[in-house]
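> Residue numbers (the numbering used here): 60 to 567.
The structure's right below; bear with me while I get my questions together.
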């Protein structure tokens with residue numbers, strides 16, 4: 060065996076040994092150049108990757124050796140007539156004396172860098188052109204014909220190694236994608252296993268879901284509090300759907316929408332002739348909701364005299380229609396809701412304390428959207444799919460900054476405002492990118508408010524208040540706020556005093 064043949068086998072063996080454990084492009088390229096440089100004595104080496112459908116070749120890793128001024132380090136625009144173009148298109152090794160080929164597109168840049176000779180061979184594996192490898196020289200070409208043949212042989216091994224690396228990268232990308240999909244599907248499965256249409260990932264909502272499950276199986280009266288647009292109606296409907304009354308119709312009354320003089324008629328019904336305009340008997344909501352659930356939304360809007368009659372019905376489970384004398388029995392479950400602090404209204408004598416205590420057998424507080432920001436991206440996805448289906452539009456694409464802007468917005472209208480925003484965005488930006496500028500031009504950002512709610516103390520205060528609502532003002536003990544927050548009772552008491560929080564305000 061000749062010296063050249065021994066050198067060939069030794070070089071190929073060295074390449075195999077060097078690249079066996081490499082898992083990164085830079086690591087593989089470093090090992091390749093370290094093995095090849097003593098054998099082929101080049102002044103510059105680069106590997107280009109062919110990516111079908113693109114107008115540039117991408118460097119496998121930054122070139123090593125002499126730098127070529129003005130030449131991008133990450134990719135090289137594909138130009139017909141370039142040396143790599145000829146090597147890949149003709150599937151053969153090209154050896155060029157650049158000084159004699161000034162018409163080549165890359166000739167000027169190479170000569171200015173002092174590079175005179177180039178050998179370029181295509182990287183081919185399984186009949187697929189992966190790219191090319193180029194070695195360049197400043198002076199005369201120092202390689203013999205046998206050494207150039209060796210370079211061609213070595214390139215076959217390089218093609219296999221690089222193709223394997225590219226396949227490995229695709230596999231890693233696929234693994235990451237599958238991991239993301241698994242995470243997404245897990246969230247979807249978790250969501251589907253939860254009460255209907257409640258989209259969440261936050262711990263606040265997780266606790267709320269637990270409350271829904273716990274109370275749904277009972278007939279306990281439930282009081283749902285929370286700001287306008289937080290989804291109190293949805294919570295009430297899910298309590299009903301998970302209850303033993305779910306086979307009967309869920310009945311809702313919006314107390315704020317009723318004419319004050321007709322509220323009792325709406326709730327309890329009336330007899331013919333009970334008042335001017337009562338031309339026929341009317342069945343009230345309590346009768347309709349018998350053996351089912353009656354949801355009294357915005358119950359704080361009930362007049363005090365109607366509150367008294369409602370309390371009597373809750374206590375005795377009996378009532379009379381307006382203008383009637385016959386006592387009717389009802390087996391109805393009451394779920395009430397309010398966007399007002401009822402304990403404050405009680406102190407102001409605008410809401411009966413005995414009715415408040417009766418209603419708040421099991422209180423549930425629905426957090427504001429600004430307090431559950433980790434749910435916003437999920438809600439955006441949900442409303443985009445929902446609105447696109449309803450409007451027959453192609454979904455827009457929210458970039459990262461747009462999502463960040465949505466997460467930092469204060470959402471005074473809560474989920475209802477988010478849903479309206481998404482619907483408007485889909486109408487205006489169907490199949491288009493949505494940027495931070497688009498978000499800010501649509502929503503009413505308040506710098507002063509954002510600054511206020513973004514402070515750590517404000518966030519801490521809201522979190523403690525939410526937990527106190529859950530514990531009904533109880534601070535210590537195994538079910539107290541300190542236990543839920545994971546802090547010692549004296550620490551929590553100190554923080555509450557500093558933040559101006561009075562636990563008594565949350566007692567029922």
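Glycine residues also receive a C-beta, built at the ideal position from the N, C-alpha and C atoms.
For clarity, every value in this text was computed on a predicted model and none was experimentally measured.
1) Over the uninterrupted beta strand (DSSP E) stretch that includes residue 179, give me the two end residues.
2) Short of 6 Å in beta carbon distance, which residues of its chain neighbour residue 324, apart from the five on each side in sequence? Order them along the chain.
3) So who's on the other strand from residue 454, going by DSSP bridges?
4) Can you name the start and end residues of the alpha helix (DSSP H) that residue 368 belongs to?
5) Checking 8 Å against the spacing of the C-beta atoms, do residue 183 and residue 146 come in under that value?
6) Under 8 Å: do the stretch 191-199 and the stretch 159-179 share three or more Cβ pairs, one atom per stretch?
7) With three or more C-beta pairs closer than 8 Å as the rule, is the stretch 98-112 touching the stretch 200-212?
8) From the DSSP output, read off the bridge partner residues of residue 81.
9) Within 10 Å of its beta-carbon, does residue 556 have 16 or more other beta-carbons around it, so buried, or fewer, so exposed?
10) Can you round the beta-carbon distance between residue 258 and residue 441 to whole angstroms, since I take them to be within the 8 Å contact cut?
11) Return the Cβ separation of residue 216 and residue 108 in integer angstroms, given the expectation that the two are a contact with Cβ distance under 8 Å.
12) Specify, as a first and last residue, the run of the alpha helix (DSSP H) that residue 501 falls within.
13) Please state whether DSSP places residue 313 in a helix, a strand or coil.
14) Quick one: grab the DSSP three-state call for residue 154.
15) Can you give me the C-alpha to C-alpha distance between residue 370 and residue 361, rounded to a whole angstrom?
16) So the candidates are 165, 154, 164; which of them puts its Cα closest to the Cα of residue 211?
17) What is the DSSP secondary structure of residue 510, reduced to helix, strand or coil?
18) In angstroms, rounded to a whole number, what distance separates the CA positions of residue 309 and residue 271?
19) Put residue 118 into one of helix, strand or coil per three-state DSSP.
20) Can you tell me the Cα-Cα spacing of residue 541 and residue 421, whole angstroms?
21) Of the residues 437, 288, 293, which one's Cα is nearest the Cα of residue 479?
22) Taking the CB atoms as reference points, tell me whether residue 394 and residue 312 lie closer together than 8 Å.
23) Select from 529, 535, 554 the residue whose C-alpha is nearest the C-alpha of residue 565.
24) Look at the alpha carbon of residue 453 and the alpha carbon of residue 483, and state the distance between them as a whole number of angstroms.
25) Does residue 486 pass the burial test, meaning 16 or more other C-beta atoms within 10 Å, or should it be called exposed?
26) Would you mind giving the Cβ-Cβ distance between residue 87 and residue 264, rounded to the nearest angstrom? I have them listed as a contact below 8 Å.
27) Excluding the 5 residues flanking residue 332 on each side, which residues of the same chain have their C-beta closer than 7 Å to its C-beta?
28) Would residue 260 and residue 434 qualify as a contact pair, given that the criterion is a beta-carbon distance under 8 Å?
Let me lay it out:
1) 176-184
2) Excluding the 5 residues flanking it on each side, residue 324 has same chain C-beta neighbours closer than 6 Å at 381, in chain order.
3) Paired residue(s): none; residue 454 is not in a bridge.
4) 363-375
5) no
6) yes
7) yes
8) Residue 81 is bridged by DSSP to nothing; it lacks a bridge partner.
9) exposed
10) 5 Å
11) 17 Å between Cβ atoms; not a contact.
12) It spans 495-501 - the alpha helix (DSSP H) in which residue 501 sits, taken as one unbroken run.
13) Of the three classes helix, strand and coil, the one that applies to residue 313 here is strand, per DSSP.
14) Correct three-state label for residue 154: strand.
15) 12 Å
16) 154
17) Below a pLDDT of 50, predicted positions are generally treated as unreliable, and residue 510, at 48, falls in that range; no measurement from the model is reported.
18) Approximately 16 Å between the Cα atoms of the pair.
19) When DSSP states are grouped into helix, strand and coil, residue 118 belongs to the strand group.
20) 21 Å
21) 288
22) no
23) Taking residue 565 as reference, the option from 529, 535, 554 with the minimal CA-CA separation is 529.
24) 13 Å
25) exposed
26) With a Cβ gap of about 47 Å, residue 87 and residue 264 do not count as contacting.
27) 382
28) yes
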